[in-house]
Amino acid sequence: MLVARRIFPEVLDRLRQHVEVEANETDDVWPAAELARRLQGKAGALTTGSERITPELLAGTPGLRIVANMAVGFNNFDVPACTAHGVLATNTPDVLTDTTADFGFALMMATARRMAESEHFLRAGHWNRWSIDMFAGAEVHGSTLGILGMGRIGQGIARRGAHGFGMRVIYHNRTRLDAATEADCHATYVSKADLLAQADHLVLVLPYTADNHHAIGAPELAQMKPTATLVNIARGGIVDDAALAQALRTGQIAAAGLDVFEGEPQVHPDLLTVPNVVLTPHIASATLKTRRAMANMAADNLIAYLTEGKAVTPINPEVLNA
Ligand code: GLV
């Protein structure tokens with residue numbers, strides 16, 4: 184099997200106790216043709232969001248049986264094509280939920296309280312006196328937290344906001360949560376239009392699909408409060424980054440915090456020049472404990488499937504029963 188990016192040595196060792204492994208020693212991101220070449224004769228691959236599993240790649244890798252993504256999101260996989268080729272796809276849910284919710288909350292607070300902007304100001308040597316409204320930001324406690332995408336991570340953010348910060352929590356999701364989960368999260372279901380209009384802090388935690396492409400674009404930004412902050416820890420492409428940069432520049436919304444970008448690791452140049460945005464390089468699940476748990480879960484899926492035909496967290500379980 185192929186491990187497409189650098190992972191922890193102990194996880195590589197564990198894989199090697201069960202299957203033959205080719206590892207990526209340099210941690211370079213292999214272009215599609217190189218990935219396809221390296222997958223020749225391999226039954227499995229441990230991938231990250233950097234590797235795309237496309238119909239073209241699958242057509243040229245007939246020996247492939249499993250692709251194990253070291254991420255909860257799997258928009259880098261064409262899942263119907265995997266299923267059509269009899270390739271099991273797996274992801275790493277649950278182990279990153281709280282770590283990612285912590286980060287979403289931190290990014291929301293950093294954005295609301297202008298932490299990046301004020302830190303840059305200080306580092307640049309501009310701080311020569313205190314003033315009453317210097318870097319005055321938006322209130323977090325007691326404000327209205329809006330969540331678009333209310334899966335496990337969205338619920339974690341809702342609980343942090345409601346229980347820890349006394350926030351009013353509203354959410355919109357493809358399907359409404361059951362009453363017990365809503366009560367536990369202190370969250371009220373609203374339409375997308377009401378979410379946009381009422382949120383003081385809007386956090387995006389929805390999966391990227393064709394339907395969600397530019398779910399937040401110019402028309403949606405225009406419906407938000409001018410004092411609102413927007414946080415994206417979901418996926419690039421859910422936000423129209425060019426429209427967001429424009430909205431930040433014109434003051435249509437107050438600030439944004441972004442951990443994911445359209446076309447990352449490239450970042451829209453306009454976002455790099457607006458001051459009222461906090462930018463982080465896709466690190467919401469990045470603690471060593473969680474990243475180890477994710478790598479181990481991907482390894483568990485590979486070992487279970489390649490040695491016993493089983494899987495821990497299958498995305499397309501119909502392949503198991505085929
Ligand atoms: C990270 O973005 C993930 O999907 O786990």
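Numbering follows the working numbering, with no gaps: position 120 of the sequence shown is 303. Even for Gly, the Cβ is constructed at its ideal location relative to N, Cα and C. In this text, all values refer to a predicted model and were calculated from it rather than measured experimentally.
Could you tell me which of Arg188, Glu203, His201, Val202 sits nearest to Val212, measuring between CA atoms?
-> Indexing the sequence shown from 1 puts residue 212 at position 29. Closest option to Val212, Cα to Cα, is Arg188.
Residues near Thr280 by beta carbon distance below 7 Å, same chain, minus five either side | In the sequence shown, the residue the question calls residue 280 occupies position 97. Answer for Thr280: Arg335, Ile336, Gly339, listed in chain order.
To the nearest angstrom, how far is it from the Cα of Gly332 to the Cα of Asn311?
-> Here residue 332 is taken as the residue at index 149 of the sequence shown, counted from 1. Here residue 311 is taken as the residue at index 128 of the sequence shown, counted from 1. About 43 Å.
Return the Cβ separation of Leu229 and Thr244 in integer angstroms, given the expectation that the two are a contact with Cβ distance under 8 Å.
-> Residue 229 sits at position 46 when you count from the first residue of the sequence shown. Residue 244 sits at position 61 when you count from the first residue of the sequence shown. Between Thr244 and Leu229 the Cβ distance is about 15 Å, and since that is not below 8 Å, they are no contact.
Pick from Leu455, Ala437, Gly434: whose alpha carbon is nearest that of Phe444?
-> Reading the sequence shown from its first residue, position 261 is the one you call residue 444. Each of Leu455, Ala437, Gly434 was checked against the Cα of Phe444, and the nearest Cα belongs to Leu455.
On the three-pair Cβ rule with 8 Å, is the region 413-423 touching the region 357-364?
-> no
Verify the contact flag: Gly440, CB atom, against every heavy atom of the ligand GLV, threshold strictly below 6 Å.
-> Counting from one through the sequence shown, the residue named residue 440 turns up at place 257. Not so, every heavy atom of the ligand GLV lies at least 6 Å from the Cβ.
With a threshold of 16 other CB atoms inside 10 Å of the CB of Met317, please say whether the residue is buried or exposed.
-> As a position in the sequence shown, residue 317 is number 134, starting the count at 1. Looking at its Cβ environment, which holds fewer than 16 other Cβ atoms inside 10 Å, Met317 is exposed.
Just the C-alpha distance for Ile399 and His201, rounded to the nearest angstrom, thanks.
-> In the sequence shown, the residue the question calls residue 399 occupies position 216. In the sequence shown, the residue the question calls residue 201 occupies position 18. In a straight line, the C-alpha of Ile399 is about 45 Å away from that of His201.
How about Val255: is its Cβ closer than 6 Å to a heavy atom in the ligand GLV?
-> Looking up residue 255 in the sequence shown gives position 72. Val255: yes, Cβ under 6 Å from the ligand GLV.
Do Leu489 and Gly224 have their CB atoms nearer than 7 Å?
-> Here residue 489 refers to the residue found at position 306 of the sequence shown. Here residue 224 refers to the residue found at position 41 of the sequence shown. Not closer than 7 Å, so no.
Within the chosen definition, does the region 423-443 reach the region 267-282 through at least 3 CB pairs nearer than 8 Å?
-> no
Whether Met480 touches Thr275 by CB criterion (7 Å) | Counting from one through the sequence shown, the residue named residue 480 turns up at place 297. Counting from one through the sequence shown, the residue named residue 275 turns up at place 92. Yes, Cβ-Cβ distance for Met480 and Thr275 is below 7 Å.
Under the three-state DSSP convention, the category Tyr488 falls into = Residue mapping note: residue 488 aligns to position 305 of the sequence shown, counting from 1. In this structure, Tyr488 counts as helix in the three-state DSSP scheme.
Once you ignore the five residues that flank Ala370 on each side, which residues in its own chain have a CB closer than 6 Å to its CB?
-> Counted from its first residue, the sequence shown places residue 370 at position 187. Apart from the 5 residues on each side of it in sequence, Ala370 sits with its Cβ closer than 6 Å to the Cβ of Ala341, Val352, Tyr354 in its chain, given in chain order.
Excluding the 5 residues preceding and the 5 following Thr473 in the sequence, name in chain order all residues of the same chain whose CB lies nearer than 7 Å to its CB.
-> Within the sequence shown, the letter at position 290 stands for residue 473. Closer than 7 Å at the Cβ level, and outside the excluded window around Thr473, lie Val278, Leu279, Thr282.
Own chain, CB closer than 7 Å to Phe191, minus 5 neighbours either side, in chain order | Your numbering for residue 191 matches position 8 in the sequence shown. Here Phe191 has Arg475, Ala478 as same chain residues with Cβ atoms under 7 Å from its own Cβ, once five neighbours each way along the sequence are excluded.
Thinking just about the alpha-carbon of each residue, which of Asp210, Asn259, Leu404 is nearest to the one in Ala575?
-> Not covered by the structure: residue 575. The range shown for the chain is 184 to 505.
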